[in-house]
Each structure stands twice: as structure tokens, then as C-alpha cells.
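Novice: Take this structure first; my questions come after.
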Amino acid sequence: MYSHIWSDGSKIDLPIGKAVCVGRNYVEHAKELDNPIPDNPILFIKPKTSIVRFDRNLTLNKKLGAHHFEAELALLVGETITRGTVSPLQCIVGVGLALDITSREVQNELKAKGHPWERAKAYDSSCPVTAFHRCSLSKSSSYEYRFWQNGELKQHGDSALMLFPLERLLREISQSFTLEPGDIVLTGTPKGVDVLNDGDELTLQLLDYPPAQGQVAIE
1 MYSHIWSDGS KIDLPIGKAV CVGRNYVEHA KELDNPIPDN PILFIKPKTS
51 IVRFDRNLTL NKKLGAHHFE AELALLVGET ITRGTVSPLQ CIVGVGLALD
101 ITSREVQNEL KAKGHPWERA KAYDSSCPVT AFHRCSLSKS SSYEYRFWQN
151 GELKQHGDSA LMLFPLERLL REISQSFTLE PGDIVLTGTP KGVDVLNDGD
201 ELTLQLLDYP PAQGQVAIE
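Numbering-wise, the sequence shown is residues 1 to 219 according to the UniProt record's numbering.
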């Protein structure tokens with residue numbers, strides 16, 4: 001059973017909420033998938049049933065086709081954020097990393113038909129999350145992270161390169177729906193997304209913190 005944890009292994013006293021995800025927040029990632037650069041953040045939601053621990057075996061359904069990894073900076077909401085919240089950054093209590101796992105074939109089919117992405121994005125175990133580091137965000141906060149597949153560096157993210165900075169993302173999200181304590185915000189992925197394979201060894205690292213490791217099983 002998943003629960004949010006701090007980097008020291010202690011349990012975080014917050015419920016498990018939804019994951020609000022941001023699409024195409026890095027220019028190079030949008031280009032690699034031949035997608036237009038958005039003028040406003042593209043938002044979608046993964047339910048709490050999609051959220052699992054990154055540092056345990058990650059089991060994915062082979063019937064969904066090829067699963068692609070998308071490494072992302074993850075923000076843990078500690079206080080309610082609504083469209084009237086004056087300082088949304090102050091409502092974030094933890095920062096970690098996550099994978100927005102995507103059934104790319106399904107997503108491409110849905111996009112071609114103009115349908116929502118949830119069948120390709122919101123399925124069980126599609127949001128593995130690392131432990132969170134306590135944080136106090138400000139407008140100058142910047143985070144850099146890396147993702148390795150079987151020891152090969154695949155993605156290198158830096159929040160300073162995001163199209164939409166962290167504070168704007170939180171404000172934009174809260175214009176549409178409230179962020180509640182225990183929710184997670186996934187802030188977009190850099191270039192380098194690719195296919196996950198059965199038996200892959202995965203490593204995520206937030207710069208200046210120890211790496212987290214997981215393994216893939218596709219059944």
C-alpha cells in the first residue's frame with residue numbers, strides 16, 4: 001500500500017490524493033514528439049490508484065502496449081491551494097521525483113481522435129514516486145534532476161528551463177481545480193523519453209540528494 005514518505009523513511013502525515021500533471025513544459029520534449037509549443041500549461045490528472053513507490057518493483061500491464069518513461073520533478077502539497085491563495089509556493093512541503101508513465105501507442109490513438117489522454121496516462125502503477133525532501137519554496141527555487149535506465153543517462157531536467165515556472169503552474173492549476181493536502185504536482189518532462197522494458201533497472205536523482213532506484217516488471 002502506497003503512502004507518502006520523507007527521505008529519512010518516515011511516513012508523511014498526509015492523505016494520498018491525486019497527481020496533477022503538466023504536459024509539454026519543456027520545449028525540447030514537445031519538439032521530440034512533434035507537438036506544438038503551448039501558450040498555457042496543458043493539464044491532466046492521474047488518480048491516487050496510479051501512484052506507487054518508485055523504489056519497489058514496478059509492475060506494468062503488457063496488454064497496454066509499450067510503456068514510455070517521463071521523468072519529472074514532483075511537488076507535494078501540504079496546504080490547500082485555491083484560485084484565491086496568495087502564496088501557493090508556501091503551500092508546498094516536499095519535493096521529489098516521479099515517472100509519468102505513458103502508454104504511447106494508446107496516447108497517439110487518442111490524440112488522433114481528439115479524445116482525452118486518461119486511458120494512456122492514468123492507469124494503475126503509472127505514477128511511481130520517490131520519497132520527498134522537506135522544502136521551503138520561493139520564486140528563486142531551482143531544481144535539477146537526472147534519470148538513468150540500466151546505467152545510461154536518459155533524461156536531465158532543470159526547473160529553470162521550464163516553459164512555465166513553478167509558481168505559475170500552481171496558480172494556473174488552482175484556477176481550474178483545488179489542490180488539496182496530499183496531492184502531487186508533476187511539473188513536466190525534459191527530452192529523452194523512451195520505452196521501458198521488462199527487467200530494466202531505473203535510477204532517479206534530485207541533484208545534491210542520494211539516488212533512488214527501482215526495477216520494472218512487465219506482465
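Backbone N, C-alpha and C fix where the C-beta goes; we use that ideal spot for every residue, glycine too. On a predicted model such as this, the values are computed, not experimentally measured, just so you know.
1. Is Leu179 buried or exposed, if buried means 16 or more other CB atoms sit within 10 Å of its CB?
2. With respect to the alpha helix (DSSP H) encompassing Leu166, which residues constitute its N-terminal and C-terminal limits?
3. May I ask which residues mark the beginning and end of the alpha helix (DSSP H) holding Leu163?
4. Counting Cβ pairs, one atom from each stretch, are 3 or more of them under 8 Å apart for the segment 60 to 75 and the segment 181 to 189?
5. Counting C-beta neighbours from all protein chains within 10 Å, is the total for Val216 16 or more, i.e. buried, or is it exposed?
6. When the Cβ atoms of the segment 120 to 131 are set against those of the segment 160 to 175, are three or more pairs found closer than 8 Å?
7. With a cut-off of 8 Å on the beta carbons, I'd call His196 and Gly214 a contact; round off their distance for me.
8. Bridge partners for Val90 per DSSP, in chain order?
9. Assuming Gly65 and Ser103 make a contact with CB atoms under 8 Å, what is their CB distance in whole Å?
Specialist: This is what the structure holds:
1. That one is buried.
2. Leu166 to Ser176
3. Taken as a continuous stretch (DSSP letters only), Leu163 belongs to no alpha helix (DSSP H), as it is neither H nor E.
4. yes
5. buried
6. no
7. For clarity, residue 196 is Leu in the given sequence; the question names His instead. About 11 Å separates the two Cβ atoms, so there is no contact after all.
8. Looking at the sequence shown, residue 90 is not Val but Gln. According to DSSP, which records beta bridges pairwise, Gln90 is partnered with nothing at all.
9. In this structure Gly65 touches Ser103 by the C-beta definition: roughly 6 Å separates them, less than 8 Å.
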